[in-house]
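Okay, structure first, notes after.
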Amino acid sequence: MAARKPLSHFIDIDLVHRTVEDKFQLQDAKVLGEGMCGAVFLVKNPVGKTDFAALKVFTGKRESDSSSSSNSDHSQERAEKLFRTEVNVMRQCQHPNLMPMLHSVRMADSLCILMPYMSGGSLNRVMRRLTLQQARRYFFQIADAVNYLHQKKIVHGDIKPSNILISSEDQAVLSDFGLSKCVPNYRVEVFVDHGTRGFMAPETLADERVNPFKVDMYALGVTLWAMTIKKKPGPSVDYLHHVNRASLTPSLKHLLESLLQKKPSLRASASQVVEGSLP
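The numbering of the sequence shown is the numbering used here, which starts it at 15 and goes up by one.
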């Protein structure tokens, strides 16, 4: 069995012998968000033309992790896996509605990704006051980004409003690629054991192999549902019931129905959404 390649074979590493807190002055930095990978901080931008950037610091820790050595090792492995996955996807992709990477940093105590700062915050923060026109515009920007990923045979794996950020130019930007997968073809089926409750497609609950592209599309549909129906998604919510009762345009209702089909084979693909050729 071949030896595992060192991280430097995958990314450009800035080896610095100080802690990430010292280098980026995180003690006084604003926390922009926290998740399964760690936290994102607002920092001074050391590499770009803008004043500020977002620094994602990977720890891999969860609240349930104890301080034991085995759990600590597992947390470090989880952090490195998420970091590698996210960096590799970001290096492959260039799309106006996908989060770009300014720099990747490995320090003595942390793994970090430096990204542009999205001053509009997450879609979650603005969702309830969106007009249908705004929701439609953001949705098709993200759908185009998802179509781009799928054409490159990359599955996002965790599409939801909190992973969609709004730029200073009022553009929706899909972020957080730690759960992404690169798959060999569009027919491949895999076990999906991750995602966010309420956004996971029904077929993922059966503990069977599923088409991950169709799972992405269901999550995209729930995101559109949340933007337009203005209700909180959840695993017990009957999305189509709310769609049928809502006062929506026929085209929007058809789009939601095409994305939220419980049967994967009936669910619209990203290319069908972008091209306007819904089933």
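All C-beta atoms, glycine included, are put in the ideal place defined by N, C-alpha and C.
Check	Outcome
When V57, V140 and Q286 are compared against L116, the one with the closest alpha-carbon	V57
Where S176 sits in the DSSP three-state scheme	helix
Endpoints, the alpha helix (DSSP H) within which G212 is located	Unbroken run through G212: none, as it is neither H nor E.
Validate contact between the segment 278-286 and the segment 157-175 using beta carbons, cut 8 Å, 3 pairs	yes
Exposure of S118, with buried meaning 16 or more beta-carbon neighbours within 10 Å	buried
Cβ pair count under 8 Å reaching 3, the segment 101-110 against the segment 182-200	yes
Alpha-carbon spacing of E289 relative to Q275, whole angstroms	19 Å
Where S194 falls: helix, strand or coil (DSSP)	coil
Inter-residue Cα distance where the pair is R139 and N177	11 Å
For H255, three-class secondary structure by DSSP	helix
Closest residue to I243 among R211, R223, L266 and F227 (Cα-Cα distance)	L266
Cβ-Cβ distance between A215 and V229 below 8 Å	yes
For F38, the three-state DSSP class (helix, strand or coil)	helix
Helix, strand or coil at R151 according to DSSP, with G and I counted as helix	helix
Every unbroken alpha helix (DSSP H) inside the segment 81-149 [4 residues or more]	83-106 and 137-140
Three-state secondary structure (DSSP) of A300	Nothing in the structure corresponds to residue 300, since the chain is present only between 15 and 293.
Assigned exposure category for G235 - 16 Cβ within 10 Å defines buried	buried
With 16 other Cβ atoms within 10 Å as the buried cut-off, status of T210	buried
Distance, H208 Cα to S80 Cα	Any answer about S80 is weak, because its pLDDT of 43 lies below 50 and its placement is not dependable; what the coordinates show is given next. Taking the straight line from one Cα to the other gives about 22 Å.
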